[in-house]
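Peer 1:
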Amino acid sequence: MRSHSRYTLPSLQGGWLLIIAFVPQFLAFYLSTTSHLFTDDMAAIALTISQSLLLLFGWRNRHQPAFSLLLLGLFANFLVIVSNGGLMPMSPTTLAALVSAERAATWQSGDRIAQTKDRLLPEEQTHFAILSDRFVLPKWTGYTVAYSVGDCIIALGAFWFLWGAGKPQPV
Numbered sequence: 066m067r068s069h070s071r072y073t074l075p076s077l078q079g080g081w082l083l084i085i086a087f088v089p090q091f092l093a094f095y096l097s098t099t100s101h102l103f104t105d106d107m108a109a110i111a112l113t114i115s116q117s118l119l120l121l122f123g124w125r126n127r128h129q130p131a132f133s134l135l136l137l138g139l140f141a142n143f144l145v146i147v148s149n150g151g152l153m154p155m156s157p158t159t160l161a162a163l164v165s166a167e168r169a170a171t172w173q174s175g176d177r178i179a180q181t182k183d184r185l186l187p188e189e190q191t192h193f194a195i196l197s198d199r200f201v202l203p204k205w206t207g208y209t210v211a212y213s214v215g216d217c218i219i220a221l222g223a224f225w226f227l228w229g230a231g232k233p234q235p236v
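Each residue of the sequence shown is one higher than the last, beginning at 66 in the working numbering.
Given below as C-alpha cells:
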C-alpha cells in the first residue's frame, strides 16, 4: 500500500519507555489531585526514575543522528538532578525572576518549590550549577518558567529530529 504522505517519522525503538517515563512526572508534578500526595523524597524518586527511563529510550535510539543531542541534554539534566538530591536546583536569583519577593521568601534553601520538580539552592551549594534551571523567558511572553542548558540541548535535538522527519521521503 502506498503512503499518501511524503513525510514520515523515523522508526524509534522502545516508545513504551516514553509513556512509562511520563507517568511518574505527571503524577508527581502536573496532576493537581496527586501532586500534593508526593513528599519531597517521593518526588525526587519519581523524577530520577523518569529521567532514567528517558535516558534509556535515548540510548536505544542513538542510531538516529538527532539523538546525540537529545542524549546530551537528557544526561546534563540527569547529572544535575541526581547530584543535587533528585530535584532540579534553582537559585534564589532565578526564583526571584519568576515570583514576587513575598512568595520567594516562603521557601528556604533546600526546599522543594511548591509542587514542582525544582529545589531552591544557592549556586554555591549546587553541584553543576551551570546545568541547573537558570534561564527564564522574557516577561512579555506571558510564561513564567525556568529552564536549563540541558533543556535547550533537548529542544535542539527534538527540532533536529522533527526537521529530519519533515524532509520529503521517496514514495
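Where is the CB? At the ideal position from N, CA and C, for every residue including glycine.
All figures in this text were calculated on a predicted structure; none of them were measured in a lab.
Once you ignore the five residues that flank leucine 196 on each side, which residues in its own chain have a CB closer than 8 Å to its CB?
Peer 2: Around leucine 196: Ala141, Asn142, Leu144, Val145, Ser213, Val214 and Gly215.
Peer 1: Is proline 130 helix, strand or coil when you go by DSSP?
Peer 2: Proline 130: coil per DSSP, three-state reduction.
Peer 1: Give me, in chain order, the residues of the same chain whose beta-carbon lies closer than 6 Å to that of isoleucine 218; leave out the 5 immediate sequence neighbours on both sides.
Peer 2: Excluding sequence neighbours, isoleucine 218 sits near Leu134, Leu137 and Gly138.
Peer 1: Quick one: what's got a C-beta closer than 6 Å to alanine 230's C-beta in the same chain, skipping five residues either side?
Peer 2: So the qualifying residues of the chain are Leu74.
Peer 1: Give me, in chain order, the residues of the same chain whose beta-carbon lies closer than 6 Å to that of glutamine 78; leave out the 5 immediate sequence neighbours on both sides.
Peer 2: Contacts found: Arg125 and Asn126.
Peer 1: Can you tell me the Cα-Cα spacing of glycine 80 and phenylalanine 122, whole angstroms?
Peer 2: If you take the alpha carbons of glycine 80 and phenylalanine 122, they lie about 7 Å apart.
Peer 1: Counting Cβ pairs closer than 8 Å, one from the region 85–92 and one from the region 104–118, do we hit at least three?
Peer 2: Enough Cβ pairs lie closer than 8 Å, so yes.
Peer 1: Would you check whether the ligand ZN has a heavy atom nearer than 6 Å to the C-beta of phenylalanine 132?
Peer 2: Of ligands this structure carries none, so the ligand ZN is not represented either.
Peer 1: Comparing C-alpha positions only, which one of Ala211, Leu82 and His128 sits nearest to phenylalanine 226?
Peer 2: Measuring from the Cα of phenylalanine 226, the nearest candidate turns out to be His128.
Peer 1: Between which two residues does the alpha helix (DSSP H) carrying aspartate 105 extend?
Peer 2: Per DSSP, aspartate 105 belongs to the alpha helix (DSSP H) from 105–125.
Peer 1: For leucine 221 and leucine 82, what's the separation of their Cα atoms in angstroms?
Peer 2: When rounded, the distance between both Cα atoms is 21 Å.
Peer 1: Pick helix, strand or coil for tyrosine 212, following the three-state DSSP scheme.
Peer 2: Correct three-state label for tyrosine 212: strand.
Peer 1: Looking at alanine 211 and threonine 159, is the spacing between their C-beta atoms short of 7 Å?
Peer 2: Cβ atoms of threonine 159 and alanine 211: closer than 7 Å.
Peer 1: Going by Cα to Cα distance, which pick from Leu92, Pro130, Leu152 and Thr99 is closest to aspartate 105?
Peer 2: Comparing Cα positions, the closest option is Leu152.
Peer 1: Determine the closest residue to phenylalanine 200 out of Leu120, Ala108, Ala131 and Leu163, with distance taken between C-alpha atoms.
Peer 2: When each option's Cα is compared against that of phenylalanine 200, the closest is Leu163.
Peer 1: Give me, in chain order, the residues of the same chain whose beta-carbon lies closer than 6 Å to that of arginine 184; leave out the 5 immediate sequence neighbours on both sides.
Peer 2: Leu152, Pro154 and Arg177, listed in sequence order.
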